[in-house]
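Asks: Line by line, the protein sequences give chains A and B.
Just so you know, we're using my numbering here: the first sequence kicks off at 1 and counts up by one.
Just so you know, we're using my numbering here: the second sequence kicks off at 325 and counts up by one.
Backbone N, C-alpha and C define an ideal beta-carbon position, used for all residues, glycine too.
The following block contains the structure, expressed as structure tokens.
There are 2 protein chains.
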Amino acid sequence: MIVGVDVGGTTIAAGALSADGEVVVDASAPTPGAGTGGALATIVALIGKVIDQSRHRGRPIDAIGVGVPGPVDAALGRIGEPVSHVPELAGHALAAELTTRFGLFACVDNDVNALALGEWMFGAGRGARSLVVLAAGTGFGAGLVLDGRLVRGAVGFGGEFGHAPVKFDGPPCWCGGRGCLALYASGRGIADAARARVASQAEAVLLRAAGGDPMAITAALVFRAAAEGDSLATSVVDEACQALGAMIGTVVNGLNPDVVVITGGVARSLALLEAKLLGAAGEYAFPRALAATRVTIVPGEKRHGVRGAAALALYARNSNAKDS
Amino acid sequence: MIVGVDVGGTTIAAGALSADGEVVVDASAPTPGAGTGGALATIVALIGKVIDQSRHRGRPIDAIGVGVPGPVDAALGRIGEPVSHVPELAGHALAAELTTRFGLFACVDNDVNALALGEWMFGAGRGARSLVVLAAGTGFGAGLVLDGRLVRGAVGFGGEFGHAPVKFDGPPCWCGGRGCLALYASGRGIADAARARVASQAEAVLLRAAGGDPMAITAALVFRAAAEGDSLATSVVDEACQALGAMIGTVVNGLNPDVVVITGGVARSLALLEAKLLGAAGEYAFPRALAATRVTIVPGEKRHGVRGAAALALYARNSNAKDS
Numbered sequence: 001m002i003v004g005v006d007v008g009g010t011t012i013a014a015g016a017l018s019a020d021g022e023v024v025v026d027a028s029a030p031t032p033g034a035g036t037g038g039a040l041a042t043i044v045a046l047i048g049k050v051i052d053q054s055r056h057r058g059r060p061i062d063a064i065g066v067g068v069p070g071p072v073d074a075a076l077g078r079i080g081e082p083v084s085h086v087p088e089l090a091g092h093a094l095a096a097e098l099t100t101r102f103g104l105f106a107c108v109d110n111d112v113n114a115l116a117l118g119e120w121m122f123g124a125g126r127g128a129r130s131l132v133v134l135a136a137g138t139g140f141g142a143g144l145v146l147d148g149r150l151v152r153g154a155v156g157f158g159g160e161f162g163h164a165p166v167k168f169d170g171p172p173c174w175c176g177g178r179g180c181l182a183l184y185a186s187g188r189g190i191a192d193a194a195r196a197r198v199a200s201q202a203e204a205v206l207l208r209a210a211g212g213d214p215m216a217i218t219a220a221l222v223f224r225a226a227a228e229g230d231s232l233a234t235s236v237v238d239e240a241c242q243a244l245g246a247m248i249g250t251v252v253n254g255l256n257p258d259v260v261v262i263t264g265g266v267a268r269s270l271a272l273l274e275a276k277l278l279g280a281a282g283e284y285a286f287p288r289a290l291a292a293t294r295v296t297i298v299p300g301e302k303r304h305g306v307r308g309a310a311a312l313a314l315y316a317r318n319s320n321a322k323d324s
Numbered sequence: 325m326i327v328g329v330d331v332g333g334t335t336i337a338a339g340a341l342s343a344d345g346e347v348v349v350d351a352s353a354p355t356p357g358a359g360t361g362g363a364l365a366t367i368v369a370l371i372g373k374v375i376d377q378s379r380h381r382g383r384p385i386d387a388i389g390v391g392v393p394g395p396v397d398a399a400l401g402r403i404g405e406p407v408s409h410v411p412e413l414a415g416h417a418l419a420a421e422l423t424t425r426f427g428l429f430a431c432v433d434n435d436v437n438a439l440a441l442g443e444w445m446f447g448a449g450r451g452a453r454s455l456v457v458l459a460a461g462t463g464f465g466a467g468l469v470l471d472g473r474l475v476r477g478a479v480g481f482g483g484e485f486g487h488a489p490v491k492f493d494g495p496p497c498w499c500g501g502r503g504c505l506a507l508y509a510s511g512r513g514i515a516d517a518a519r520a521r522v523a524s525q526a527e528a529v530l531l532r533a534a535g536g537d538p539m540a541i542t543a544a545l546v547f548r549a550a551a552e553g554d555s556l557a558t559s560v561v562d563e564a565c566q567a568l569g570a571m572i573g574t575v576v577n578g579l580n581p582d583v584v585v586i587t588g589g590v591a592r593s594l595a596l597l598e599a600k601l602l603g604a605a606g607e608y609a610f611p612r613a614l615a616a617t618r619v620t621i622v623p624g625e626k627r628h629g630v631r632g633a634a635a636l637a638l639y640a641r642n643s644n645a646k647d648s
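This is the structure in structure tokens:
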């Protein structure tokens with residue numbers, strides 16, 4: 001049994017993963033606000049709780065995996081910057097701290113790298129040689145497994161396709177870049193785009209649906225309004241699908257993986273738009289490359305994050321075993 | 325010694341590569357026109373010539389590598405479609421045909437995969453774990469070595485970032501896609517863009533430089549006119565640098581390699597614009613990821629293609645040795 005901890009912007013979730021990929025114990029807590037300094041304590045408390053529960057069931061834990069937002073130096077288990085949502089973790093050698101605290105092998109990596117390993121070992125990419133996970137949540141992350149190996153890159157940025165440009169002459173992104181996929185297809189980007197458009201349309205249906213408050217517009221609300229035929233919301237959703245389709249084209253032509261998994265919180269809304277999304281991807285990808293790739297939409301669930309985090313530890317142990 | 329053959333659109337070049345990466349014998353011939361059916365015979369004749377020359381020098385050949393434009397099923401050594409410029413090769417199991425003909429281990433792969441291996445084993449990427457080659461020639465190819473492995477992808481499209489979109493709402497590309505990098509930063513794309521702009525400007529300096537014939541405008545001419553201050557040519561060159569900078573941002577953020585090599589025929593012109601190109605890349609890439617990546621411009625030379633093709637055979641033999 002392996003403990004997985006998924007450190008999200010609103011919730012820290014933990015559980016124990018069995019060898020067949022099932023998450024059997026769950027514990028979670030709200031993510032302490034930035035500056036309160038409670039994130040590390042919460043992570044430690046949740047791990048302790050899962051270890052205890054699992055031991056009581058006669059299934060002792062033998063490793064810990066933690067997925068965090070932002071880049072991680074996986075070799076050192078040290079968290080880099082920026083760690084969106086949980087800034088207090090930046091600079092922590094969290095893996096070593098957890099090993100010291102619990103006496104167990106511990107492994108820390110980017111949360112979407114974790115998702116990618118979880119999908120590859122236990123989910124939609126099981127048995128594939130290569131898979132790309134595109135995770136549309138509040139932000140936009142991505143993770144790559146190519147030829148059976150996680151692509152971490154030189155300094156842990158491997159897989160940051162959410163902040164790769166889909167429009168080279170596009171507007172500035174909050175990341176400091178420009179024309180990024182996240183501007184068009186993340187929850188934040190979709191909500192921002194809708195807010196910008198209602199600003200000039202006081203009578204917009206979407207604005208009324210948000211009680212007249214632009215800040216109350218969420219990506220989920222935009223998708224719902226589009227499904228109900230609102231033209232402003234539809235234009236935002238169409239652009240999201242087109243931009244995400246372009247990124248699917250980029251990864252299909254550039255990496256030609258066996259599987260592309262679209263997941264994250266926004267994927268639940270995208271699942272209803274699968275035909276539109278695949279149609280958009282088909283405008284960019286080579287037909288023969290796209291035909292060889294299975295593109296699948298997996299609505300994000302908390303247990304996927306926990307499963308992925310535990311998969312980090314499994315993957316790291318397997319890699320160590322192979323290297324030695 | 326290994327024979328390398330680079331099958332280009334205008335020239336087929338062959339040579340023998342020594343263990344230290346030097347190309348010591350050269351032979352080349354014009355690529356027979358499409359439909360004449362002479363490409364295969366030319367490849368065989370050039371290989372025979374290099375084998376004879378090398379044997380006379382007392383350095384027998386023990387393997388053959390061939391780089392061809394277009395996707396290749398490397399496991400079967402079978403050339404896929406489309407093979408731009410040399411359509412008669414499509415469907416050939418060229419590796420097996422060459423082994424039968426010469427009694428030597430033979431290996432066929434995409435020409436830019438070959439370039440990537442050549443740069444990784446003997447060139448600008450020597451010693452790197454991961455490298456991305458972006459090759460701006462008449463068309464635009466790319467090749468990836470990640471964690472010491474060539475990324476071929478599920479059906480041989482791995483590395484086709486030249487036909488990944490840099491502008492999701494961009495115009496159609498000749499490949500059937502849309503907003504592709506090749507539209508902006510390949511020789512063909514640059515010449516086409518300039519032709520489209522001079523069409524509405526009968527007095528354009530660039531048009532006069534081309535003797536009044538839009539079809540005589542080449543990418544080299546556009547770069548030269550831009551260097552001389554022509555505003556129309558400058559706008560085309562600026563767009564090429566911006567789009568290529570965006571793709572550098574995509575690969576730096578998404579793959580975070582140690583080295584990015586910009587090469588191909590257009591790279592000679594780009595070498596004079598390095599600051600502009602790196603400035604553009606900096607608009608898209610995470611600063612810390614870009615700082616960890618060495619971006620280098622290597623003007624394309626025929627011997628790089630030959631060296632890369634031979635590197636294909638070296639790499640394949642090493643991989644086979646590891647697997648068995």
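Please classify B/D376: does DSSP put it in a helix, a strand, or coil?
Replies: Reading the second sequence from its first residue, position 52 is the one you call residue 376 of chain B. Here B/D376 sits in helix by DSSP.
Asks: Which residue spans inside the segment 568–636 of chain B form an unbroken beta strand (DSSP E) run of at least 3?
Replies: Counting whole runs of 3 or more residues, the segment 568–636 of chain B contains the beta strand (DSSP E) stretches 583–587 and 618–621.
Asks: Report the three-state DSSP secondary structure of A/A375 (helix, strand or coil).
Replies: Coverage of chain A is limited to positions 1 through 324, which leaves residue 375 of chain A absent and any answer about it impossible.
Asks: If the cut is a Cβ gap below 7 Å, which residues of chain B does A/R149 touch?
Replies: In the first sequence, residue 149 of chain A corresponds to position 149, counting from 1. Residues of chain B passing the Cβ test: D471.
Asks: For my contact list, B/I385 and B/M325 are in at a C-beta cut-off of 8 Å; report their separation, rounded to the angstrom.
Replies: Position 61 of the second sequence holds residue 385 of chain B. Position 1 of the second sequence holds residue 325 of chain B. Between B/M325 and B/I385 the Cβ distance is about 5 Å, and since that is below 8 Å, they are a contact.
Asks: Hey, B/I367 and B/F426 are a contact pair by Cβ (cut 8 Å); roughly how many whole angstroms apart?
Replies: In the second sequence, residue 367 of chain B corresponds to position 43, counting from 1. In the second sequence, residue 426 of chain B corresponds to position 102, counting from 1. The Cβ separation is near 11 Å, so there is no contact.
Asks: Distance, Cα to Cα, A/A136 vs A/G38?
Replies: For the purposes of this step, residue 136 of chain A is taken as residue 136 along the first sequence, with counting starting at 1. For the purposes of this step, residue 38 of chain A is taken as residue 38 along the first sequence, with counting starting at 1. Rounded to the nearest angstrom, the two C-alpha atoms are 27 Å apart.
Asks: Which same chain residues end up closer than 6 Å to B/A609 when comparing Cβ atoms and leaving out the 5 residues on each side of it in sequence?
Replies: Position 285 of the second sequence, counted from the first residue, corresponds to residue 609 of chain B. The answer, listed in chain order, is G573, V576 and N577.
Asks: Can you tell me which of A/A193, A/A164, A/H304 and A/R303 puts its alpha carbon nearest to the alpha carbon of A/C180?
Replies: In the first sequence, the residue the question calls residue 180 of chain A occupies position 180. Of the listed residues, the one whose Cα sits closest to A/C180 is A/A164.
Asks: Output the residue ranges of the alpha helix (DSSP H) runs that lie fully inside the segment 90–153 of chain A and measure 4 residues or longer, sorted by chain position.
Replies: DSSP runs (the alpha helix (DSSP H)) wholly in the segment 90–153 of chain A: 94–102 and 111–122.
Asks: Grab me the residues of B/F464's own chain with a C-beta within less than 7 Å of its C-beta, minus the 5 sequence neighbours each way, in chain order.
Replies: Within the second sequence, residue 464 of chain B is the residue found at index 140, counting from 1. Closer than 7 Å at Cβ, skipping near neighbours: G486, L505, A506, A509 and S510.
Asks: May I ask which residues mark the beginning and end of the alpha helix (DSSP H) holding A/V205?
Replies: One-based indexing of the first sequence puts residue 205 of chain A at position 205. Here the alpha helix (DSSP H) through A/V205 covers V205 to A209.
Asks: Where does B/S352 sit, in a helix, a strand or coil, going by DSSP?
Replies: Translated into the one-based positions of the second sequence, residue 352 of chain B becomes position 28. Note: B/S352 maps to strand in three-state DSSP.
Asks: Taking only beta-carbon atoms, is B/Y639 less than 8 Å away from chain A?
Replies: Along the second sequence, one-based indexing puts residue 639 of chain B at 315. No, no contact with chain A.
Asks: Can the beta-carbon of A/A63 be found less than 8 Å from the beta-carbon of A/V112?
Replies: Sequence index remark: in the first sequence, residue 63 of chain A carries index 63 (1-based). Sequence index remark: in the first sequence, residue 112 of chain A carries index 112 (1-based). No, Cβ-Cβ distance for A/A63 and A/V112 is not below 8 Å.
Asks: Counting only beta-carbon separations shorter than 8 Å, does B/L579 have a partner in chain A?
Replies: Your numbering for residue 579 of chain B matches position 255 in the second sequence. Closer than 8 Å to some Cβ of chain A, the Cβ of B/L579 qualifies, so yes.
Asks: With 8 Å as the limit, tell me which residues of the segment 582–595 of chain B have their beta carbon closer than that to any beta carbon of chain A; keep them in chain order.
Replies: Of all residues in the segment 582–595 of chain B, D582 have a Cβ within less than 8 Å of some Cβ in chain A.
Asks: Determine whether the beta carbon atoms of B/A633 and B/V390 lie at a separation below 8 Å.
Replies: Sequence index remark: in the second sequence, residue 633 of chain B carries index 309 (1-based). Sequence index remark: in the second sequence, residue 390 of chain B carries index 66 (1-based). In contact: B/A633 and B/V390 (Cβ atoms closer than 8 Å).
Asks: Say whether chain A places a C-beta atom closer than 8 Å to the C-beta of B/G573.
Replies: Stepping through the second sequence from its first residue, residue 573 of chain B is reached at position 249. Closer than 8 Å to some Cβ of chain A, the Cβ of B/G573 qualifies, so yes.
Asks: Just checking: is the beta-carbon of B/S648 within a distance shorter than 8 Å of some beta-carbon in chain A?
Replies: Here the question's residue 648 of chain B lines up with position 324 in the second sequence. Residue placement at B/S648 cannot be trusted, given a pLDDT of 49 that sits under 50; what the coordinates show is reported in the next sentence. Chain A, which has no Cβ nearer than 8 Å to the Cβ of B/S648, makes this no.
Asks: Which residues in chain B have a C-beta closer than 8 Å to the C-beta of A/A169? List them in chain order.
Replies: Stepping through the first sequence from its first residue, residue 169 of chain A is reached at position 169. Note that residue 169 of chain A corresponds to Asp in the displayed sequence, not to Ala. In chain order: K491 and Q566.
Asks: So B/V479 contacts chain A; which residues on that side make the cut at Cβ distance below 7 Å?
Replies: Taking the first residue of the second sequence as 1, we reach residue 479 of chain B at position 155. Simply N256, R288, A289 and A292.
Asks: Indicate the three-state DSSP secondary structure (helix, strand or coil) for B/V490 in the structure shown.
Replies: Position 166 of the second sequence, counted from the start, is the residue given in the question as residue 490 of chain B. Coil.
Asks: Using the rule of at least 16 other Cβ atoms within 10 Å of the residue's Cβ for burial, across every protein chain shown, is B/G449 buried or exposed?
Replies: Position 125 of the second sequence holds residue 449 of chain B. With 16 or more other Cβ atoms within 10 Å, it is buried.
Asks: Check whether chain D comes within 8 Å of B/E484, counting only Cβ atoms and requiring the distance to be less than that.
Replies: Looking at the structure shown, chain D is missing, and the protein chains on hand are A and B.
Asks: Would you say B/G535 reaches chain A, if we count a Cβ-Cβ gap shorter than 8 Å as a contact?
Replies: Mapped onto the second sequence, residue 535 of chain B falls at position 211. Chain A, which has no Cβ nearer than 8 Å to the Cβ of B/G535, makes this no.
Asks: Please look up how many angstroms separate the CB atoms of B/Q344 and B/G629, rounded, as I've assumed it's under 8 Å.
Replies: Here residue 344 of chain B corresponds to residue number 20 of the second sequence, with the count starting at 1. Here residue 629 of chain B corresponds to residue number 305 of the second sequence, with the count starting at 1. Just to set this straight, residue 344 of chain B is Asp in the shown sequence, not Gln. That belief does not hold up - the Cβ atoms of B/D344 and B/G629 are roughly 18 Å apart, past 8 Å.
Asks: Could you check whether B/A337 and B/V349 sit closer than 8 Å to each other, using their CB atoms as the reference points?
Replies: For the purposes of this step, residue 349 of chain B is identified with residue 25 of the second sequence, where counting begins at 1. For the purposes of this step, residue 337 of chain B is identified with residue 13 of the second sequence, where counting begins at 1. No, Cβ-Cβ distance for B/V349 and B/A337 is not below 8 Å.
Asks: Do the segment 509–527 of chain B and the segment 582–600 of chain B meet, that is, are 3 or more Cβ pairs less than 8 Å apart?
Replies: Contact holds: three or more Cβ-Cβ distances are below 8 Å.
Asks: What does a CB cutoff of less than 8 Å around B/S648 pick up in its chain, not counting 5 residues either side in sequence?
Replies: Residue numbering aside, residue 648 of chain B sits at position 324 when the second sequence is read from its first letter. Only weak support is given to the placement of B/S648: the predicted model assigns it a pLDDT of 49, under 50, and the value that follows is read from those uncertain coordinates. Contacts found: none.
Asks: The ligand FAD and A/V25: does the residue's C-beta get closer than 7 Å to at least one heavy atom of that ligand?
Replies: This structure simply doesn't include the ligand FAD, nor any ligand for that matter.
Asks: Report the rounded CA-to-CA distance for B/G328 versus A/V237, giving the unit in angstroms.
Replies: The residue given as residue 328 of chain B occupies position 4 in the second sequence. The residue given as residue 237 of chain A occupies position 237 in the first sequence. If you take the alpha carbons of B/G328 and A/V237, they lie about 50 Å apart.
Asks: In the DSSP assignment, find the unbroken beta strand (DSSP E) run with A/G4 in it and report its ends.
Replies: One-based indexing of the first sequence puts residue 4 of chain A at position 4. Run containing A/G4: I2 to V7, per the beta strand (DSSP E) assignment.
Asks: Once DSSP output is grouped into helix, strand and coil, what is the label at A/T218?
Replies: Here the question's residue 218 of chain A lines up with position 218 in the first sequence. DSSP places A/T218 in coil when its eight states are reduced to three.
Asks: What did DSSP end up calling A/C241 once you bin it into helix, strand or coil?
Replies: Within the first sequence, residue 241 of chain A is the residue found at index 241, counting from 1. In the structure shown, A/C241 sits in a helix (DSSP, three-state: H, G or I).
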